[in-house]
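**Student:** I have a structure I would like to understand better, so I am pasting it below and will then ask my questions one at a time.
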Amino acid sequence: MAAKADPTKQGWEESEFPILCETCLGNNPYVRMTKQVYGKECKSSAGCPAVECVQVRDTALGITNDAPRSEINREYFAQNVEGRITNGDSLISYHKADSAGKELLKRLARTEPYYKRNRPHICSFFVKGTCKRGDECPYRHEAPEENELSHQNIKDRYYGTNDPVAKKILNRFKGGSSNNSIEPPEDKTITSLFITGVEEDITEADLRGHFYAFGEIKSVVVVHRSHCAFINYATRAAAELAIDRSVNNLILKGHPLRIAWGRPRPTGPRAEIQAVMQTTEPLVLPPLESLEIPAPPGAESGTDNNIVYPSQDPTYQGSVSKG
Numbered sequence: 001m002a003a004k005a006d007p008t009k010q011g012w013e014e015s016e017f018p019i020l021c022e023t024c025l026g027n028n029p030y031v032r033m034t035k036q037v038y039g040k041e042c043k044s045s046a047g048c049p050a051v052e053c054v055q056v057r058d059t060a061l062g063i064t065n066d067a068p069r070s071e072i073n074r075e076y077f078a079q080n081v082e083g084r085i086t087n088g089d090s091l092i093s094y095h096k097a098d099s100a101g102k103e104l105l106k107r108l109a110r111t112e113p114y115y116k117r118n119r120p121h122i123c124s125f126f127v128k129g130t131c132k133r134g135d136e137c138p139y140r141h142e143a144p145e146e147n148e149l150s151h152q153n154i155k156d157r158y159y160g161t162n163d164p165v166a167k168k169i170l171n172r173f174k175g176g177s178s179n180n181s182i183e184p185p186e187d188k189t190i191t192s193l194f195i196t197g198v199e200e201d202i203t204e205a206d207l208r209g210h211f212y213a214f215g216e217i218k219s220v221v222v223v224h225r226s227h228c229a230f231i232n233y234a235t236r237a238a239a240e241l242a243i244d245r246s247v248n249n250l251i252l253k254g255h256p257l258r259i260a261w262g263r264p265r266p267t268g269p270r271a272e273i274q275a276v277m278q279t280t281e282p283l284v285l286p287p288l289e290s291l292e293i294p295a296p297p298g299a300e301s302g303t304d305n306n307i308v309y310p311s312q313d314p315t316y317q318g319s320v321s322k323g
């Protein structure tokens, strides 16, 4: 017998099911999703990037914010905007935007999940030194970093003026000082490049065909599961030329790719052991001729035809015909 339907229950209470992105769930395949009735929306993935990055959008598309700041003028401006929306007019003429600005927004778009934004906040009691929860504390026990991002203002983010997050994104595109800087490393032995944003349709032949013009390539390693690739050059000059010509201008099969210098190989106990083995003198063993092989057990010294094992007797078990 079927369950009786509740006529007072609305359809959206059970019909809608959230589609969570990889940013919230992470890359763990064993996470199980459950539905929470009257639950709250996700604050990590439900935020609109167009609202959060107002300054980046206005800078790329050349849009000026003409909204007034005073209370009366804002009410009058809001009435005019509401009337334009009612008539079906657009507030921003996106078709007039420069193609270079649209291309800039495509390059600045993040192609991979950013897991750090889903982390819990830093425990304020831990910063004061008074947190007594220990490992059971749901917040992070880390020291806060003092930089421009730690002094954000919601008004600057809303109006798109002096936004530190927007400055960080724009500096990353311009090649300024950031975590993804393209400054060549001091270690001259590094000749590898790290490529991110590699999709499934980009093959090793595509990468080799693009980067072979800058110099001889030793090897190309493509990891589609992590959406990345490694380009190993034979010389340092070829790697520097490739990263200078390809930074902020690398698009293969319609996919914008990001390029950075590869990291040096870690030097640990294995490298120290190899260095010690190379410096120490090799051990010289005596020749095998000088080693005397002892006689088998039970054999008498000086007798060559002494039979010890049954298999050495040719007359044993009919090896030789009788008569």
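The sequence shown stops at residue 323 when you use the UniProt record's numbering, and every number in between is there.
Backbone N, C-alpha and C define an ideal beta-carbon position, used for all residues, glycine too.
1. Using the Cβ count rule (16 or more neighbours within 10 Å means buried), how would you classify Ser124?
2. From Ile259 to Leu61, what distance separates their C-alpha atoms?
3. Is the beta carbon of Gly262 sitting closer than 8 Å to the one on Ser150?
4. Could you spell out the range, first to last residue, of the beta strand (DSSP E) harbouring Tyr233?
5. Is the stretch 239-257 close to the stretch 194-206, with three or more CB pairs under 8 Å?
6. Is the beta carbon of Pro185 closer than 8 Å to that of Glu240?
7. If you run the structure through DSSP and keep just helix, strand and coil, what is Leu193?
8. By how many angstroms is the C-alpha of Lys106 removed from the C-alpha of Ile85?
9. Please work out which residues of its chain come closer than 6 Å, Cβ to Cβ, to Asp163, disregarding the five sequence neighbours upstream and downstream, and give them in chain order.
10. Could you please give the first and the last residue of the uninterrupted beta strand (DSSP E) stretch that includes Lys155?
11. Have a look at Tyr114 and Arg245 and give me their C-alpha separation to the nearest angstrom.
12. Taking Cβ positions, are Arg121 and Arg140 nearer each other than 8 Å?
13. Along the chain, where does the beta strand (DSSP E) that runs through Lys116 open and close?
14. Tell me, which residues are paired with Ser219 by DSSP?
15. Identify whether Arg258 lies in helix, strand or coil by the three-state DSSP scheme.
16. Could you check what DSSP says for Ile169 in three-state terms: helix, strand or coil?
17. If you drop the 5 nearest sequence neighbours on each side, which residues of the same chain put their C-beta closer than 8 Å to that of Cys48?
18. Rank Phe194, Ile231 and Val127 by C-alpha distance to the C-alpha of Glu145 and give the top, closest one.
19. Please state if the CB of Ala229 and the CB of Val220 are separated by a distance shorter than 8 Å.
20. Quick check: what's the CA-CA separation for Ser226 versus Phe194?
21. Name the two residues that bound the continuous alpha helix (DSSP H) containing Lys128.
22. So what does DSSP say about Leu252, is it helix, strand or coil?
23. Using CA coordinates, which residue listed in Ala242, Lys167 and Ile72 is at the minimum distance from Glu148?
24. Mind checking Val37: buried by the 16 CB within 10 Å criterion, or exposed?
25. So Glu71 is in the alpha helix (DSSP H); what residue range does that whole segment cover?
26. Please determine, among Pro138, Arg117 and Ala143, the residue with the shortest C-alpha to C-alpha distance to Gly129.
27. How close, in whole Å, do the beta carbons of Val223 and Glu204 come, if the pair is a contact with beta carbons under 8 Å?
28. Helix, strand or coil, according to DSSP, for Arg225 in the structure here?
29. Sort Asn249, Val247, Asn248 and Ile217 by Cα distance to Thr235 and report the nearest one.
**Tutor:** Here's the rundown:
1. Per the 10 Å Cβ criterion, exposed.
2. Going by C-alpha positions, Ile259 is about 25 Å away from Leu61.
3. The criterion of a C-beta distance shorter than 8 Å is not satisfied by Gly262 and Ser150.
4. Cys228 to Tyr233 is the extent of the beta strand (DSSP E) around Tyr233.
5. These segments touch.
6. It is not a contact, given that the beta carbons lie outside the stated cut-off.
7. strand
8. 27 Å
9. Gln55, Asp156 and Arg157
10. Careful: Lys155 lies outside any beta strand (DSSP E), inside the alpha helix (DSSP H) at Ile154 to Tyr159.
11. 27 Å
12. Checking the sequence shown, residue 121 turns out to be His, not Arg. For His121 and Arg140, yes; Cβs fall inside 8 Å.
13. From DSSP, Lys116 is part of no beta strand (DSSP E); its letter is neither H nor E.
14. Asn232
15. strand
16. helix
17. Its pLDDT being 48, under 50, Cys48 is placed unreliably in this model, and the coordinates cannot settle the point.
18. Val127
19. yes
20. The alpha-carbon of Ser226 is positioned some 12 Å away from that of Phe194.
21. Ser124 to Lys128
22. strand
23. Lys167
24. exposed
25. Glu71 to Thr86
26. Ala143
27. At roughly 11 Å, the Cβ-Cβ gap does not stay under 8 Å, so Val223 and Glu204 are not in contact.
28. coil
29. Closest by alpha carbon: Ile217.
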